[in-house]
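Numbering-wise (my numbering), the sequence shown opens with residue 14 and increments by one.
Quick reminder that beta carbons are idealized off the backbone N, C-alpha and C, glycines included.
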Amino acid sequence: MPNNNVFNPLNRPVYTSNTNTYISPGIVAPPENSAGSTGNLYNAGSTNSTTLGLLGGSVTATLQLANPTGSGRTLYVSRLSGGITVALNLLSSFSGTLTLTANGTLSSPSTLTAVNSNLSSSNTSVALVRFSTAAPSGATAIMSMPLQVGPFQSNEFGKYVIPPGQAINLSVTGSLTVAGLLASTTYFTWWEV
C-alpha cells in the first residue's frame, strides 16, 4: 500500500521543504515568531476621532514608520491594521479608504513610542513613528483600497522593506455626508534586523 503523505498530513498540507533538524513534526513559522521571541517585533498606532457637524466631513489618521539614515537596521512590515468606527444609523452616507504611500512629509505630526511585543525585552526600536490627522504630502502611492466600517488587518510578512533613510505611511480616511461621530485608526507591526 503506497504512503502518499510522507511529509505532510492530508488535512494540513505544507508546501515547503523543511531544512531544520527536527524529524517530526516539521516546524514552519513566519519570521515574526522568531522576531517576537528575540525582542525585535514592535507595534505602534493611534486614532483620530471627531464629531462631525450637520454636513459631515472626513476624518484621517496617518501613521508614518520611518527608518533614520544610519540606523544600521532594516524594518520589515509584518502587519497593517486599524479600522473605521461610525456612531450613526445612516451608513449609506459613508465612504472609507486605506492608502499606503512611501516617504513624503506629514503636517503637524506627533511622535509615538513603539511598543516591543516581547514584554520581557529591553530592546527599543530604531524607527521614528509619527502620527498626523492629515494625509502626507509629496508621498509616492503604493496602494489604495476602499474600506467598510469596522476593523481591518492585512498580514504582510515582510513584503514591505524600509531600509535606512526611507519611510512608509498608512492613511485611513472615513467620510460622512451627515452628522456623526467618526474615528479612524491605524497600526503598524514590524520587525527589525
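If you compare alpha carbons, which of the options is closest to residue i?
i, options, result
"THR146", "THR87, GLY187, VAL99, TYR89", "GLY187"
"PRO177", "ALA115, LEU88, GLU169, ALA100", "LEU88"
"ASN136", "ALA48, ILE175, ASN53", "ASN53"
"THR110", "TRP204, VAL206, LEU183, THR202", "LEU183"
"VAL96", "THR114, VAL72, ARG86", "Just to set this straight, residue 96 is Gly in the shown sequence, not Val. That would be VAL72, whose Cα lies nearest to the Cα of GLY96."
"GLY70", "THR202, GLU205, LEU195, VAL90", "LEU195"
"LEU119", "LEU141, THR98, SER108, SER50", "LEU141"
"ASN46", "LEU160, SER91, ASN61, ARG86", "SER91"
"THR198", "THR98, SER50, TYR55", "THR98"
"ILE181", "SER94, LEU113, ALA74", "LEU113"
"ILE155", "TYR55, ALA115, ARG86, ALA48", "ALA115"
Where do the ends of the alpha helix (DSSP H) carrying residue i lie?
i, result
"SER50", "44-50"
What are the boundary residues of the beta strand (DSSP E) that includes residue i?
i, result
"SER108", "107-115"
"GLY123", "According to the sequence provided, residue 123 is Ser. The question's Gly does not apply to it. Counting along the chain, the beta strand (DSSP E) containing SER123 begins and ends at 123-125."
Between residue i and residue j, what straight-line distance do the alpha-carbon atoms span, to the nearest angstrom?
i, j, result
"SER84", "ALA100", "42 angstroms"
"THR124", "SER138", "13 angstroms"
"SER134", "SER106", "46 angstroms"
"VAL185", "SER121", "17 angstroms"
"TYR200", "LEU76", "7 angstroms"
"TRP203", "SER108", "28 angstroms"
"PHE170", "GLY58", "18 angstroms"
"GLU205", "THR60", "24 angstroms"
"SER160", "SER50", "At residue 160 the sequence reads Leu, which differs from the Ser that was named. Answer to the nearest angstrom: the Cα atoms are 33 angstroms apart."
"VAL174", "TYR55", "15 angstroms"
"ALA74", "PHE144", "7 angstroms"
"SER94", "GLN179", "21 angstroms"
"GLY117", "PRO43", "30 angstroms"
"SER157", "ALA48", "28 angstroms"
Can you determine whether any heavy atom of the ligand PLP sits closer than 8 angstroms to the C-beta of residue i, and answer yes or no?
i, result
"LEU160", "This structure does not include the ligand PLP; it has no bound ligands of any sort."
Inset, instruction - Pick out the complete beta strand (DSSP E) segments inside the segment 139-199, 3 residues or longer, and give them in chain order. - result: 141-145, 153-160, 163-168, 179-189
Legend entry - At least three beta-carbon pairs within less than 8 angstroms, the segment 155-170 to the segment 69-84: no
Legend entry - Length-filtered (3 minimum) beta strand (DSSP E) runs lying within the segment 56-87: Taken in chain order, the complete beta strand (DSSP E) segments of 3 or more residues contained in the segment 56-87 are 70-80.
Inset, instruction - Taking 8 angstroms as the threshold, find out whether the segment 125-139 comes into contact with the segment 147-162 through three or more Cβ pairs. - result: No, the segment 125-139 is not in contact with the segment 147-162.
Inset, instruction - Specify whether the segment 189-196 and the segment 59-76 touch according to this definition: at least 3 beta carbon pairs, one from each stretch, less than 8 angstroms apart. - result: yes
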